[in-house]
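A.B. asks: No gaps in the numbering here: position 392 of the sequence shown is 392 in full-length UniProt numbering, and each next residue is one more. Beta carbons are placed, not taken as given, at the ideal position from N, Cα and C, and that holds for glycine. Could you have a look at this structure, given as structure tokens, before my questions?
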Amino acid sequence: MKFTDAYIRNLKPQQKWFEQIEFSGLGIRVMPGGGKSWIFRFTFDGKRYKMTLGKYPGIGLKEARELMLDAEHLKEQGINPIEHAKQQQAKSDNTVKKLALSWYTHYVEKHLKRPLTVKKQIEGDINMLLGDWVLDELETRHITQALDKIVKRGASVHANRVLSSLKQMFGYAVSRGTMSTNPASNIRARDIGGHEKPRERVLSLDEIKSLWLFLDSNDSQMAPQTRIAIKIILLTGVRTAELRLAQWSEINFEESLWTIPALHSKANIVHKVHLSYLTKELLLQLKTISKSEYVLTGIDYCKPLTENALPRAIKRIQERLGTSEWTAHDLRRTFATQLGETLQIDPVVIEKCLGHKMPRIMATYNRNEMLPQREEALEQWAQHIHNLMANNIVYLNMKTK
Numbered sequence: 001m002k003f004t005d006a007y008i009r010n011l012k013p014q015q016k017w018f019e020q021i022e023f024s025g026l027g028i029r030v031m032p033g034g035g036k037s038w039i040f041r042f043t044f045d046g047k048r049y050k051m052t053l054g055k056y057p058g059i060g061l062k063e064a065r066e067l068m069l070d071a072e073h074l075k076e077q078g079i080n081p082i083e084h085a086k087q088q089q090a091k092s093d094n095t096v097k098k099l100a101l102s103w104y105t106h107y108v109e110k111h112l113k114r115p116l117t118v119k120k121q122i123e124g125d126i127n128m129l130l131g132d133w134v135l136d137e138l139e140t141r142h143i144t145q146a147l148d149k150i151v152k153r154g155a156s157v158h159a160n161r162v163l164s165s166l167k168q169m170f171g172y173a174v175s176r177g178t179m180s181t182n183p184a185s186n187i188r189a190r191d192i193g194g195h196e197k198p199r200e201r202v203l204s205l206d207e208i209k210s211l212w213l214f215l216d217s218n219d220s221q222m223a224p225q226t227r228i229a230i231k232i233i234l235l236t237g238v239r240t241a242e243l244r245l246a247q248w249s250e251i252n253f254e255e256s257l258w259t260i261p262a263l264h265s266k267a268n269i270v271h272k273v274h275l276s277y278l279t280k281e282l283l284l285q286l287k288t289i290s291k292s293e294y295v296l297t298g299i300d301y302c303k304p305l306t307e308n309a310l311p312r313a314i315k316r317i318q319e320r321l322g323t324s325e326w327t328a329h330d331l332r333r334t335f336a337t338q339l340g341e342t343l344q345i346d347p348v349v350i351e352k353c354l355g356h357k358m359p360r361i362m363a364t365y366n367r368n369e370m371l372p373q374r375e376e377a378l379e380q381w382a383q384h385i386h387n388l389m390a391n392n393i394v395y396l397n398m399k400t401k
């Protein structure tokens, strides 16, 4: 028997499924409900096999014969068509989207300090632009084309951030054997979003006063945890994550000392922060309302303040005060700049206050924690802010609701 289009079209279902096979090994299976599928019967290494080629009428007779011939060619090369089909299916399932999920679940959430930032990149950019690409087919040009689309929407800096995440993600895939090479490794930021100039935003003393008075006013309408967090960063220069993840077990009120574990420190070192009288007062205020092991919490008292809470609060402050943009990290830069320019504190002491590792050439300073000098610097800074507030004038440019 040799199939024709009319013969296949006119095959009627029966109570049980049945198959019709032509001399070439090509066959058609008819189900009781009327559904039809192409099959191919063949022998390989002395064993009989039956392979499904696809459904009729989506695949017509001509295409079914071509698929059968492809399978015959594989047999001639010593390849089992069924095993080959399984391998091809596995490859097609191995997409960028699937890799992104694995990378986020097994690496980002466990090891990166800002997993939610990466999650937004995955959902808003990586999956949207590259998610359906099969890993074995993805090339460098496909990545640069995707990044160019981000740049075209006016987000050059963000494109660089996404590039950085892609390099890490594909590096993870190479280390796991999912990919043989990293297709993003040779892409440079300057070829995508361009060189980024470092931000140099520093709040002036007038801006500090305006901010502090606003935080103390009823107009701020902010949770005490958020208000106090902003003040503590300004008073101590700690990183946002170090404060956000801080636990009460790290705070020693008796010795006026906050010991930040290496796990929460960007420099991966234990960082000791002197608590000035003003910082200690703020922490004690938090302690009286705390129901958690964490110094700062949001609605869920069992978890630390989310990483988006402070940026959102800062944006609201800027809208109300009408000031130019600044970030929580700019408060840290302001702390360092004001210690140097206003109080004339030794630069090495400032670096120690910031928890920076000193260059090797300054190894002596690495061994010396300089706690007395840091204590003096932080107390001076707290007193300076106190004096600034003592001359109480109305804060600047606050917008009305």
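(1) Exposed or buried, D206, counting other C-beta atoms within 10 Å across all chains shown (16 or more means buried)?
(2) Where does the unbroken alpha helix (DSSP H) through M389 begin, and where does it stop?
(3) Output the distance between the C-alpha atoms of L282 and I345, rounded to the nearest integer angstrom.
(4) Put N80 into one of helix, strand or coil per three-state DSSP.
(5) Which first and last residues belong to the beta strand (DSSP E) in which Y172 is found?
(6) Output needed for I228: all residues of its chain with C-beta closer than 7 Å, excluding positions within five of it in sequence on either side, in chain order.
(7) Could you tell me how far apart the beta carbons of D330 and V202 are, in whole angstroms, since I believe they sit closer than 8 Å?
(8) Under 8 Å, with one C-beta from each stretch per pair, do the segment 160-170 and the segment 143-150 reach the 3-pair mark?
(9) CA-CA distance, K352 and L343?
(10) By how many angstroms is the C-alpha of K16 removed from the C-alpha of I33?
(11) With the cut-off set at 8 Å, would you say F40 and L53 are in Cβ contact?
(12) Whose C-alpha, out of K36, A267, F335, L99, is nearest the C-alpha of S175?
(13) Using DSSP with H/G/I as helix, E/B as strand and the rest coil, what is G340?
(14) Is K231 closer than 8 Å to M389 when the C-beta atoms are compared?
(15) Where does K36 sit, in a helix, a strand or coil, going by DSSP?
(16) Let me know the secondary structure DSSP gives M362 once reduced to three states.
(17) Name the one or two DSSP bridge partners that Q20 has.
(18) Taking the C-alpha atoms as reference points, what is the distance between T400 and G322?
(19) Rounded to the nearest angstrom, what separates L138 and E242 at their Cα positions?
(20) Ignoring anything shorter than 3 residues or poking outside the segment 205-282, list the beta strand (DSSP E) runs there in chain order.
(21) Which residue or residues does DSSP assign as beta-bridge partners of G54?
(22) For residue 448 and G355, which I take to be in contact (beta-carbon distance under 8 Å), what is that distance rounded to the nearest angstrom?
(23) I need the DSSP call for N140, collapsed to helix, strand or coil.
(24) I want to know whether the segment 177-197 touches the segment 286-305 - three or more CB-CB distances under 8 Å.
(25) What does the Cβ neighbour count give for P311, buried or exposed, with the cut at 16 atoms within 10 Å?
(26) Excluding the 5 residues preceding and the 5 following S220 in the sequence, name in chain order all residues of the same chain whose CB lies nearer than 6 Å to its CB.
(27) Below 7 Å CB to CB, which residues in the same chain sit around T306 once its five sequence neighbours on both sides are set aside?
(28) So L45 is in the alpha helix (DSSP H); what residue range does that whole segment cover?
(29) At which residues does the alpha helix (DSSP H) containing A100 begin and terminate?
(30) So, with DSSP's three-state summary, where would you put V151?
(31) Report the three-state DSSP secondary structure of V134 (helix, strand or coil).
C.D. replies: Let's see:
(1) Within the sequence shown, the letter at position 206 stands for residue 206. Result: exposed.
(2) In the sequence shown, residue 389 corresponds to position 389, counting from 1. From DSSP, the alpha helix (DSSP H) with M389 extends over 371-390.
(3) On the sequence shown, residue 282 is found 282 positions in, with the first residue counted as 1. On the sequence shown, residue 345 is found 345 positions in, with the first residue counted as 1. Each residue's alpha carbon lies about 24 Å from the other.
(4) One-based indexing of the sequence shown puts residue 80 at position 80. Coil.
(5) Sequence index remark: in the sequence shown, residue 172 carries index 172 (1-based). No beta strand (DSSP E) holds Y172; the alpha helix (DSSP H) holding it covers 156-175.
(6) For the purposes of this step, residue 228 is taken as residue 228 along the sequence shown, with counting starting at 1. So the qualifying residues of the chain are L282, Q285, L286.
(7) Position 330 of the sequence shown, counted from the start, is the residue given in the question as residue 330. Position 202 of the sequence shown, counted from the start, is the residue given in the question as residue 202. Rounded, the Cβ-Cβ distance is 7 Å, consistent with contact.
(8) yes
(9) Position 352 of the sequence shown holds residue 352. Position 343 of the sequence shown holds residue 343. The straight-line gap from Cα to Cα measures roughly 16 Å.
(10) Working through the sequence shown from its first residue, we reach residue 33 at position 33. Working through the sequence shown from its first residue, we reach residue 16 at position 16. Residue identity check: residue 33 is Gly in the sequence provided, not Ile. In a straight line, the C-alpha of G33 is about 9 Å away from that of K16.
(11) On the sequence shown, position 40 is the one that residue 40 refers to. On the sequence shown, position 53 is the one that residue 53 refers to. Cβ distance < 8 Å, so F40 and L53 count as in contact.
(12) Taking the sequence shown and counting its residues from 1, the one referred to as residue 175 is at position 175. The residue with the shortest Cα to Cα distance from S175 is L99.
(13) Stepping through the sequence shown from its first residue, residue 340 is reached at position 340. Reduced to three states, the DSSP call for G340 is helix.
(14) Against the sequence shown, residue 389 aligns to sequence position 389. Against the sequence shown, residue 231 aligns to sequence position 231. No, the pair does not count as a contact, with Cβ atoms beyond the cut-off.
(15) As a first step, residue 36 is located in the sequence shown; it is residue number 36 there, counting from the start. In the structure shown, K36 sits in a strand (DSSP, three-state: E or B).
(16) Here residue 362 refers to the residue found at position 362 of the sequence shown. The predicted position of M362 is uncertain, since its pLDDT is 48 and thus under 50; a value taken from the coordinates is nonetheless stated next. The answer is helix: DSSP assigns M362 an H, G or I state.
(17) Numbered from 1 along the sequence shown, position 20 holds the residue referred to as residue 20. Per DSSP, I28.
(18) Position 400 of the sequence shown, counting from 1, holds the residue named residue 400. Position 322 of the sequence shown, counting from 1, holds the residue named residue 322. With a pLDDT of 35 at T400, under the threshold of 50, the modelled position of that residue is not reliable, and no figure is offered here.
(19) As a position in the sequence shown, residue 138 is number 138, starting the count at 1. As a position in the sequence shown, residue 242 is number 242, starting the count at 1. If you take the alpha carbons of L138 and E242, they lie about 38 Å apart.
(20) 257-260, 271-274
(21) For the purposes of this step, residue 54 is taken as residue 54 along the sequence shown, with counting starting at 1. Beta-bridge pairing links G54 to W38.
(22) Residue coverage of the chain in this structure runs from 1 to 401, which leaves residue 448 outside it and unanswerable.
(23) Locating residue 140 in the sequence shown gives position 140, counting from the first residue. Looking at the sequence itself, residue 140 is Thr, so the reference to Asn does not match. T140 falls in the helix class under three-state DSSP.
(24) no
(25) Here residue 311 is taken as the residue at index 311 of the sequence shown, counted from 1. P311 is exposed by the Cβ-count criterion.
(26) Within the sequence shown, numbered from 1, the residue matching residue 220 stands at position 220. The residues are F214.
(27) Here residue 306 is taken as the residue at index 306 of the sequence shown, counted from 1. The answer, listed in chain order, is G298.
(28) In the sequence shown, residue 45 corresponds to position 45, counting from 1. Checking the displayed sequence, the identity of residue 45 turns out to be Asp instead of Leu. Element bounds for D45: n/a, residue is neither H nor E.
(29) Taking the sequence shown and counting its residues from 1, one reaches residue 100 at position 100. Residues 96-103.
(30) Taking the first residue of the sequence shown as position 1, residue 151 is located at position 151. The answer is helix: DSSP assigns V151 an H, G or I state.
(31) Against the sequence shown, residue 134 aligns to sequence position 134. In this structure, V134 counts as strand in the three-state DSSP scheme.
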